[in-house]
Amino acid sequence: MKKNKAHSALLNRYQKLINISCDLASELDLNILLSKIVRAACEVSDAEEASILMYDPNKKTLYFQAATNLDSQLKRGLVVPLDGSIAGWIVNHQKPIIVDNPQKDKRHFDYIGKITSIECKSLLGIPLMSKGNVIGVLEVINKRGGGFNKEDQDVLLALGAQATVAIENSRLFLQSDLIGEFVHQIRTPLSALNAAAHLLKSNRVHEDQKKKMIDILEAEIEALAEMSSSFLDLARLESGRKQYNVKEFDIRDLLIVCHEIIINEAHKLNLLFILDLPDTLPLIRGDRKQLKQAFINLLNNAVKYNKIGGEIILKAIAEKDRIIITISDTGLGIPEDERSKIFEKFYRVKSHRDHVPGTGLGLSVVKQIIHGHGGEIDFTSEVDVGTTFTITLPNEI
Ligand SMILES: Nc1ncnc2c1ncn2[C@@H]1O[C@H](COP(=O)(O)OP(=O)(O)OP(=O)(O)O)[C@@H](O)[C@H]1O
Ligand SMILES: [Mg+2]
C-alpha cells in the first residue's frame, strides 16, 4: 500500500514535469523562461527557493541569472567564485550534489544568505549540460519537511535537461533575430560605400570631389564600426551573456567624470552644460563601467539633439534607498506619436534621421543596463523645447 502511494507520488511529479516541459519549450523570452524554470524547480523538488547561475566558458565565470527569492532584475549578473562556491564545484566536477548543511560546508558562498536573510538549510544543485559542456547550474534550497534525496535529484536532472534545451533554443532565436536585424541595417551603408568606391575607381570624379568622397567614406566606415560595437554590447546584454562587475562605488565621482568627457563636445555646439550635484551622494553598488556607458549615451543624445546655444543639465539627488539622476536638454524634443518607440532597437525619430548621425541603438543599450541594475528609466519631452530623461537607481543591487 505504502509502496503504491510512493509510486503514485512519483508519477505525479513526472506528470508535473511533462506539463512544465511543454510550457518551457514554447517560451522564447530568455528572462521569462529562466524565471519559469526556477519556479518549476521549486515545484518538482518541493524546495523553498531556487536559482540559476549561468557559466561563461570564455571568461571562466559563473554568475546569477535568475532566482525565486530575489527580485529577478536585482542580482542578475552577480559573479560567484568558481573556487569557493558549491555551484563552482558543480561546474568543475560536472556532477549533481546534495549538501545537508551548506552553512557548515566550506565551499558554501554565503553572500546571498547575508543579503536576503534566507537561511540555507539544505541544498541540491545540478549542472545544466549541453553537448557535454556545462552552460549553467540549477540550485534548489530548503526542501520542505526534510533533506533532499536521490529521487529529488533525478526529477531535477530531468527538468534541467528540458530547461537546457529551452535556454539554448531561446538564445538561438534571439541571435537569429538580432543577426537578421543587423544585416538589414548594414545593407544600406554598405551599398553606399560600394557605390562610392566604384565611382572613385572609375576616374570620373574630379580631384576636388575626391577628397569630399573620401571624407564621406571615412565617416560611413566609422559609423559602421560604431554600430557594430553597440550592436555587440546589445546582443550580449539581451542574451544574458553580459556579466555585471558589481562593486561599491561613488556615483557622484562617476557623474563628474561623465561631465568632463562630454563638456568638450557640448562646447563645440556652444552649449551650456550644468552639473548640479549635492555635496555628497551615498555610495551605490553596481557596474561602474556599464553605468558610465549608459550616462554617456544619454549625454551624447542631449548634445546631438540639442540646438546651438542650448543647455544641458545633469542633476542627481538621493532619496531614502535610491538615487535619481536627470539629464535635461533644450533641444529638438521627441514627437508624441514616436515616444513609445525610441527605446526600440534601431528606431530613430523621423525628423532627426536626415540631420543627425546615429544608429538608433544607444537607448536600447541604456535601457538594458538600467534595468539590469534594478533601476527605471523614463522621459518627458516637448518638440522644440527639450527632453528630460530620469533614471532611478536603487542604492544596492
Ligand atoms: N535627448 C533627445 N532629444 C531628442 N531626441 C532624442 C533624444 N535622445 C534620443 N532621441 C531620439 O531617439 C532616437 C533613439 O536614440 P538612440 O540614442 O537609441 O539612437 P541614436 O542617438 O540615433 O544613435 P546612437 O546609437 O548613436 O546613440 C534618436 O535617433 C533620436 O531621434
Ligand atoms: Mg544616441
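The numbering of the sequence shown is this note's numbering, which starts it at 2 and goes up by one.
All C-beta atoms, glycine included, are put in the ideal place defined by N, C-alpha and C.
On a Cα-Cα basis, can you pick out the residue from the options that is closest to residue i?
{"i": "residue 157", "options": "370, 335, 11 and 387", "result": "11"}
{"i": "residue 387", "options": "355, 367, 366 and 337", "result": "337"}
{"i": "residue 354", "options": "335, 369 and 366", "result": "335"}
{"i": "residue 281", "options": "316, 183, 304 and 305", "result": "316"}
{"i": "residue 107", "options": "124, 201 and 87", "result": "87"}
{"i": "residue 393", "options": "381, 385, 376 and 380", "result": "376"}
{"i": "residue 54", "options": "60, 46, 45 and 65", "result": "65"}
{"i": "residue 171", "options": "240, 288 and 272", "result": "240"}
{"i": "residue 223", "options": "333, 191 and 18", "result": "191"}
{"i": "residue 358", "options": "14, 185 and 227", "result": "227"}
{"i": "residue 60", "options": "307, 81 and 261", "result": "81"}
{"i": "residue 168", "options": "26, 149 and 246", "result": "26"}
{"i": "residue 123", "options": "230, 150 and 33", "result": "150"}
{"i": "residue 31", "options": "8, 309, 176 and 221", "result": "176"}
Given this structure, state the Cα-to-Cα distance separating residue i from residue j, to the nearest angstrom.
{"i": "residue 154", "j": "residue 97", "result": "8 Å"}
{"i": "residue 277", "j": "residue 319", "result": "12 Å"}
{"i": "residue 197", "j": "residue 38", "result": "52 Å"}
{"i": "residue 159", "j": "residue 105", "result": "28 Å"}
{"i": "residue 102", "j": "residue 90", "result": "16 Å"}
{"i": "residue 311", "j": "residue 379", "result": "22 Å"}
{"i": "residue 348", "j": "residue 119", "result": "43 Å"}
{"i": "residue 303", "j": "residue 146", "result": "57 Å"}
{"i": "residue 56", "j": "residue 360", "result": "31 Å"}
{"i": "residue 363", "j": "residue 6", "result": "58 Å"}
{"i": "residue 402", "j": "residue 288", "result": "Outside the modelled stretch of the chain, which goes from 2 to 398, sits residue 402, for which no answer is possible."}
{"i": "residue 389", "j": "residue 69", "result": "35 Å"}
{"i": "residue 341", "j": "residue 85", "result": "45 Å"}
{"i": "residue 229", "j": "residue 132", "result": "30 Å"}
{"i": "residue 137", "j": "residue 58", "result": "10 Å"}
{"i": "residue 183", "j": "residue 17", "result": "40 Å"}
Could you give the DSSP three-state label for residue i: helix, strand or coil?
{"i": "residue 240", "result": "coil"}
{"i": "residue 66", "result": "strand"}
{"i": "residue 146", "result": "coil"}
{"i": "residue 331", "result": "coil"}
{"i": "residue 165", "result": "helix"}
{"i": "residue 348", "result": "coil"}
{"i": "residue 84", "result": "coil"}
{"i": "residue 315", "result": "strand"}
{"i": "residue 247", "result": "coil"}
{"i": "residue 15", "result": "helix"}
Please tell me whether, using a cut-off of 8 Å, the distance from the CB of residue i to the nearest non-hydrogen atom of ligand 4 is below it.
{"i": "residue 188", "result": "This structure does not include ligand 4; its bound ligands are ligand 1 and ligand 2."}
Query raised in the report: Are at least three pairs of beta-carbons, each pair with one atom in the segment 40-58 and one in the segment 139-150, less than 8 Å apart?
Result: Segment contact: the segment 40-58 against the segment 139-150, three or more CB-CB distances shorter than 8 Å; contact assigned.
Requested in this report: Would you list the residues whose beta-carbon is nearer than 6 Å to any heavy atom of ligand 2, in the order they occur in the chain?
Outcome: Qualifying residues, in the order they occur: 298, 301, 302, 359 and 363.
Report task. Report yes or no: do three or more beta-carbon pairs, one from the segment 239-257 and one from the segment 214-224, lie closer than 8 Å? Result -> Touching, no, given that fewer than three Cβ pairs across the two stretches are closer than 8 Å.
Requested in this report: Inspect the CB distances between the segment 326-334 and the segment 295-306 and report whether three or more fall short of 8 Å.
Outcome: Look at the beta carbons and you see the segment 326-334 touching the segment 295-306: at least three pairs across the two are nearer than 8 Å.
Query raised in the report: Using 8 Å as the Cβ pair cut-off and three pairs as the minimum, do the segment 235-243 and the segment 258-268 touch?
Result: Output reads no: the segment 258-268 does not touch the segment 235-243.
Query raised in the report: Contact between the segment 158-173 and the segment 11-22: three or more CB pairs below 8 Å?
Result: Contact holds: three or more Cβ-Cβ distances are below 8 Å.
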